[in-house]
């Protein structure tokens, strides 16, 4: 069976009449004992830069749960170090050595030879394809707004207030910054597709902190530009928006095949408001910490609510959290696969 | 002119034909030099517990900007210490000594004599009323979900994952916890009204991290219960929801006169989806860091978008941030007051 005939790719194209495909955001992660075993030997950054280990951790949740797609193991901030903004990953999230805390600081950033500096990414993809030739593989990157949030804030944040202030106080400099990040991201995703990625996902993790006019300017415009530049690649493009509800109508205009929906909104409502697109989501990751019957019931509730299951990829509505029981993921996958 | 004839109270009741009222969430705060001068002399907690100082900081932004309502100076976690969960306020947000990190820990919490333990709150309100007898004064509390988030997490958090896991893992214990917090909150708000508060606002600061069915169970139900118990008081009830968009239809059923809307959603859209209610909001606080022309333009854009200005109270869509320029607040207030 070719990748094009997989339930995942068919669902991306709105033509899946078989079993509903399911994968889990951050499925290769700390909740898995076999992943933690790898991480005892290497740091997060070493793991991201070692093709053999990338392939190993991508394979782990596929083997364990029978998921319908894999996703490249990397980080949305991988592009920053060669751009001039080194990042470390201590416990508790990313830390930038030199956050872009003034308009002048943007000048430190620069374009770079992506094939050379990030060669471990396409090598990782080729390794995954060697060991999992029939598995649809998703490449990914952060949205320009989300990546810029970390660039400006220097670390995670509740509402990325500094980043939002920056775009209001220095709109021209912010536009230059977004131009650079967008251009790098476009080439980064194209490199992933050329190495073998069967679909690509942009993570708009923090755009959901913007007012609607700012979302249009700083999220929809740059993501649309990136996706449009990938038109000829023909692979399905997925835009995940954490907190979609305020912007659903704006996102319906983005040039992509699939919209990933967070857990706050009804997935069926999102599907109705995104005509012609497939949807991906959206169980609340916190539910995995409840009893298994709750996991099954809430999964079933979402599945039954959907008008057009041919255009559905099941997932969580946000990344799975460390400590989530593997039994809960098993129950989630079983419930989805038995639905039809 | 009596309080009932003020633009603020008339707008709460949907009957304001005059100037649009405006106030600012966290208007007595660190962005004001005169507030920082008070805080150089006393800690945040001392300020919250000293009626004369409460009245002084409540008055500061009224004197400076000519705002149309004042709000009690306090913290939504004030109720926790007498409930058995002491809180401190170092820089960077609240810290609980003993977070409720297990179902057993809920037993440490207890009811208390609110008139006695929190006497400084009604005393503060009476002091404010002495010096500002004609100013509509808003009392407030945190929603049961928001307060429980801090109780369980022990501090601020990006998405309050621990709190969400708790309600899924221990729904019965969570229900008991919400019952206690709701009962205290109801009596706390009633005490504020009896002391002279002309309106009350519940801050649903973190309910916007819930799926819709959980929002109905853990936000709408307890806030509705509290507001309904205050029916006979006849004062306007305001529910502020940070991230309203996913839940607007659910919130339209809450027993209150006004819905406070965050900056993500179009305020006009919110007003259309909340028939019979007034709306309060919703300029993005980050805009205050831009040029004054931007502040005026974005304020004007919101004002002009509204179908029914008789049911509008202007505000930010979230609390004003430390460092926001006072000139930006002046421009905001001027733009609103000159609108009609």
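Protein chains in written order, with this note's numbering: chain A, 80 to 419; chain B, 80 to 419.
Think of the CB as a built atom: it goes at the ideal place given N, C-alpha and C, for glycine as much as any other residue.
- Would you mind giving the Cβ-Cβ distance between residue 104 of chain B and residue 398 of chain B, rounded to the nearest angstrom? I have them listed as a contact below 8 Å. 4 Å
- When you compare only the Cα positions, how much space is there between residue 171 of chain A and residue 147 of chain B? 43 Å
- Message: Does the contact criterion of 3 or more C-beta pairs under 8 Å hold for the region 113-120 of chain B versus the region 405-414 of chain A?
- Response: no
- Query: Going by Cα to Cα distance, which pick from B:245, B:331, B:322 is closest to residue 344 of chain A?
  - Reply: B:322
- Query: At what residue ranges does the region 159-228 of chain B contain a whole run of the beta strand (DSSP E), taking only runs of 3 or more?
  - Reply: 216-221
- What's the C-alpha gap between residue 404 of chain A and residue 368 of chain A? Inter-residue distance for residue 404 of chain A and residue 368 of chain A is about 7 Å (C-alpha atoms, whole angstroms).
- Kindly say whether residue 342 of chain B, judged by its beta-carbon, lies nearer than 7 Å to any beta-carbon of chain A. yes
- Query: residue 99 of chain A by DSSP, collapsed to three states: which one?
  - Reply: coil
- Item | CB contact check: residue 291 of chain B to chain A, cutoff 7 Å | Answer yes: the Cβ-Cβ gap between residue 291 of chain B and chain A drops below 7 Å somewhere.
- Message: Output needed for residue 109 of chain A: all residues of its chain with C-beta closer than 7 Å, excluding positions within five of it in sequence on either side, in chain order.
- Response: 115, 401
- DSSP state of residue 246 of chain A, grouped into three classes? helix
- Query: Contact check, residue 281 of chain A vs residue 188 of chain A under 8 Å by CB: the rounded distance?
  - Reply: Contact doesn't hold; Cβ gap of about 20 Å is too wide.
- Kindly confirm or deny that the region 300-307 of chain B and the region 334-348 of chain B touch, where touching means at least three C-beta pairs closer than 8 Å. In this structure the region 300-307 of chain B lies against the region 334-348 of chain B, because at least three pairs of beta carbons, one per stretch, are closer than 8 Å.
- Item | residue 208 of chain A beta carbon less than 7 Å from that of residue 275 of chain A | yes
- Message: Is residue 180 of chain A close to chain B? Criterion is C-beta to C-beta, closer than 7 Å.
- Response: Closer than 7 Å to the CB of residue 180 of chain A there is not a single CB belonging to chain B.
- Task: Give me the Cα-Cα distance between residue 165 of chain B and residue 125 of chain B, rounded to the nearest whole angstrom.
- Result: 14 Å
- Alpha-carbon to alpha-carbon, residue 81 of chain B and residue 237 of chain B: 43 Å
- Kindly indicate if chain A contains any beta-carbon less than 7 Å away from that of residue 404 of chain B. no
- Message: Less than 7 Å between C-beta atoms, sequence neighbours within five positions excluded: which residues of the same chain meet that for residue 315 of chain A?
- Response: 88, 91, 92, 278, 336, 337
- Query: Roughly how many angstroms lie between the CA atoms of residue 175 of chain A and residue 229 of chain A, to the nearest whole one?
  - Reply: 8 Å
- Message: Quick test of the definition: if touching needs 3 or more C-beta pairs under 8 Å, does the region 382-394 of chain A touch the region 347-361 of chain A?
- Response: yes
- For residue 155 of chain A, the three-state DSSP class (helix, strand or coil): coil
- Query: Is it the case that the Cβ atoms of residue 301 of chain A and residue 257 of chain A are separated by a distance below 7 Å?
  - Reply: yes
- Item | Opening and closing residue of the beta strand (DSSP E) in which residue 304 of chain A lies | Run containing residue 304 of chain A: none in the beta strand (DSSP E); it sits in the alpha helix (DSSP H), 300-308.
- Task: Step through the CB atoms of chain B and report whether any lies within less than 7 Å of the CB of residue 345 of chain A.
- Result: yes
- Message: At a CB distance below 9 Å, what residues from the region 311-344 of chain B approach chain D? Give them in sequence order.
- Response: In the displayed structure, chain D is absent; the protein chains listed are A and B.
- Message: Could you tell me the alpha carbon to alpha carbon distance between residue 241 of chain A and residue 419 of chain A, rounded to whole angstroms?
- Response: 47 Å
- Query: Would you call residue 283 of chain B buried or exposed, if buried means 16 or more other Cβ atoms sit within 10 Å of its Cβ?
  - Reply: Buried.
- Task: Please name the residue or residues paired with residue 280 of chain B in a DSSP beta bridge.
- Result: B:219, B:317
- Task: Note down the Cα distance separating residue 382 of chain A from residue 352 of chain A, rounded to an integer number of angstroms.
- Result: 17 Å
- Identity of the residues DSSP links to residue 94 of chain A by a beta bridge: Per DSSP, none; premise fails for residue 94 of chain A.
- Message: Please report the distance separating the alpha-carbon of residue 377 of chain A from that of residue 181 of chain A.
- Response: Between residue 377 of chain A and residue 181 of chain A, the C-alpha separation is close to 46 Å.
- Message: Taking CB distances under 7 Å as the criterion, tell me whether residue 234 of chain A reaches chain B.
- Response: With a threshold of 7 Å between beta carbons, residue 234 of chain A makes no contact with chain B.
- Message: Can you find the residues in the same chain that come closer than 6 Å, C-beta to C-beta, to residue 203 of chain A, ignoring five residues on each side of it along the sequence?
- Response: Only 130, 133 meet the Cβ criterion.
- Message: If contacts are defined as beta-carbon pairs under 8 Å, then residue 163 of chain A and residue 224 of chain A qualify, I think. What distance do you get, rounded to the angstrom?
- Response: Contact doesn't hold; Cβ gap of about 19 Å is too wide.
- For residue 298 of chain A, which residues of its own chain have a beta-carbon under 7 Å away from its beta-carbon, when the five flanking residues on both sides are left out? 222, 224, 283, 286, 289
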